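What follows is one structure encoded as structure tokens, with my remarks underneath.
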Amino acid sequence: MQKFSRRTFAALLAVSTLLPGAARAADALKEIRIDWATYNPVSMVLKQKGLLEKEFAKDGINIVWVQSAGSNKALEFLNAGSIDLGSTAGSAALVAKINGNPIKSIYVYSRPEWTALVTTRDSRIASVADLKGKRVAVTRGTDPHIFLVRALLGAGLTEKDITPVLLQHADGKTALIRGDVDAWAGLDPMMRRPRSRTAQSCSTARRKPTPGASSMCARSS
Numbered sequence: 000m001q002k003f004s005r006r007t008f009a010a011l012l013a014v015s016t017l018l019p020g021a022a023r024a025a026d027a028l029k030e031i032r033i034d035w036a037t038y039n040p041v042s043m044v045l046k047q048k049g050l051l052e053k054e055f056a057k058d059g060i061n062i063v064w065v066q067s068a069g070s071n072k073a074l075e076f077l078n079a080g081s082i083d084l085g086s087t088a089g090s091a092a093l094v095a096k097i098n099g100n101p102i103k104s105i106y107v108y109s110r111p112e113w114t115a116l117v118t119t120r121d122s123r124i125a126s127v128a129d130l131k132g133k134r135v136a137v138t139r140g141t142d143p144h145i146f147l148v149r150a151l152l153g154a155g156l157t158e159k160d161i162t163p164v165l166l167q168h169a170d171g172k173t174a175l176i177r178g179d180v181d182a183w184a185g186l187d188p189m190m191r192r193p194r195s196r197t198a199q200s201c202s203t204a205r206r207k208p209t210p211g212a213s214s215m216c217a218r219s220s
């Protein structure tokens, strides 16, 4: 990681008032608590390579990694003040902000097409309309959840027309494979393995565009 990136990281923390007193300089930081998540490949590379640790060690700044299982968990951590920077889908961050979560998006790190409604290959579900009356695994407050709601609306349905089964992303995938649900509002990279072996998509983000931005968020107060 170049020095520019290191300075940017520290400056973002200071400007975002993550520390007591907005006027504290970036070089006064002693610890940065940041999440890593499978839906944020950048964070996985940074963690695996130890790039942040190497760059910030010279300033005596410690890096603490916390795993987020979904945007909803990252937002919970931020709301509780247990992390300084969290990875979220842009739409999930927007909904959280509207609902009073004290956060701000400070950096967009990707614009992915990473959501789909997934069924098993032997399923008779061929379109979103076929989800009526079905059990759908979904992680509330995340991009796949918002995608599901929009897809249902596009088919003339609402969440009341299905049975949402609230699970974290990985658990939703497991539930689909086991046959506990009829469909899953999925997220890459977790969709890739089941899709290639036992699953198929009945609707994708490519066909139904969503606010596809992944952002780094911090507390706003």
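Start counting the sequence shown at 0; every next residue gets the next number (numbering that gives the first Met the number 0).
Note that CB positions come from ideal geometry on N, CA and C, so glycine has one too.
Since the structure is predicted, the reported quantities are computational estimates derived from the model, not experimental observations.
{"Asked": "Just to check my reading of the structure: T118 and A182 have Cβ atoms closer than 8 Å, yes? What is that Cβ distance to the nearest angstrom?", "Found": "5 Å"}
{"Asked": "Under a Cβ-count criterion, where at least 16 other Cβ atoms within 10 Å of its own Cβ denotes burial, should M215 be classed as buried or exposed?", "Found": "buried"}
{"Asked": "Check whether the Cβ atoms of N71 and N100 sit closer than 8 Å, and answer yes or no.", "Found": "no"}
{"Asked": "Give me the DSSP bridge partner(s) of T114.", "Found": "L186"}
{"Asked": "Below 8 Å between beta carbons: does that hold for D121 and S67?", "Found": "no"}
{"Asked": "Would you call the region 53-63 and the region 88-104 touching, i.e. three or more CB-CB distances under 8 Å?", "Found": "no"}
{"Asked": "Can you list, in chain order, the residues of its chain with a C-beta nearer than 8 Å to that of K29? Leave out the 5 residues immediately preceding and following it.", "Found": "G59, I60 and N61"}
{"Asked": "Whose C-beta lies closer than 6 Å to the C-beta of L154 among residues of the same chain, with five residues either side of it excluded?", "Found": "The question names Leu, yet the displayed sequence has Ala at residue 154. Counting only Cβ-Cβ distances below 6 Å, and skipping sequence neighbours, we find V127 and A128."}
{"Asked": "Please name the residue in L156, Y38 and S86 whose C-alpha comes closest to that of S104.", "Found": "S86"}
{"Asked": "If V135 and I161 are in contact, beta carbons under 8 Å, what's the gap, nearest whole angstrom?", "Found": "5 Å"}
{"Asked": "Looking at the unbroken beta strand (DSSP E) that takes in A136, where does it start and where does it end?", "Found": "R134 to V137"}
{"Asked": "Report whether the distance from the Cβ of M43 to the nearest heavy atom of the ligand HEM is below 7 Å.", "Found": "With respect to the ligand HEM, the structure shown offers nothing to examine, as it has no ligands at all."}
{"Asked": "Which whole-angstrom value is the C-beta distance of G171 and T138, which I expect to be below 8 Å?", "Found": "7 Å"}
{"Asked": "What is the C-beta distance between A217 and L74, in whole angstroms, given that I count them as a contact (C-beta under 8 Å)?", "Found": "No, A217 and L74 are not in contact; Cβ-Cβ is about 11 Å, not under 8 Å."}
{"Asked": "Return the CA-CA distance between L165 and K57, expressed in angstroms with no decimal places.", "Found": "44 Å"}
{"Asked": "Among K48, N39 and L51, which has the Cα closest to the Cα of Y108?", "Found": "N39"}
{"Asked": "Nearest to L224 by CA position, among A150, K133, L156 and V65, is which residue?", "Found": "Nothing in the structure corresponds to residue 224, since the chain is present only between 0 and 220."}
{"Asked": "Could you check the C-alpha separation between A115 and K46 for me, to the nearest Å?", "Found": "27 Å"}
{"Asked": "Rounded to whole angstroms, what's the CA-CA distance from S110 to A88? Just pull it up for me.", "Found": "Note that residue 110 is Arg in the sequence shown, not Ser. Cα to Cα, the separation comes out at about 9 Å."}
{"Asked": "At the level of alpha carbons, what is the spacing between F146 and V44?", "Found": "27 Å"}
{"Asked": "Could you compute how far the alpha carbon of A167 sits from the alpha carbon of G185?", "Found": "The displayed chain sequence assigns Gln, not Ala, to residue 167. When rounded, the distance between both Cα atoms is 10 Å."}
{"Asked": "How close, in whole Å, do the beta carbons of V65 and F76 come, if the pair is a contact with beta carbons under 8 Å?", "Found": "6 Å"}
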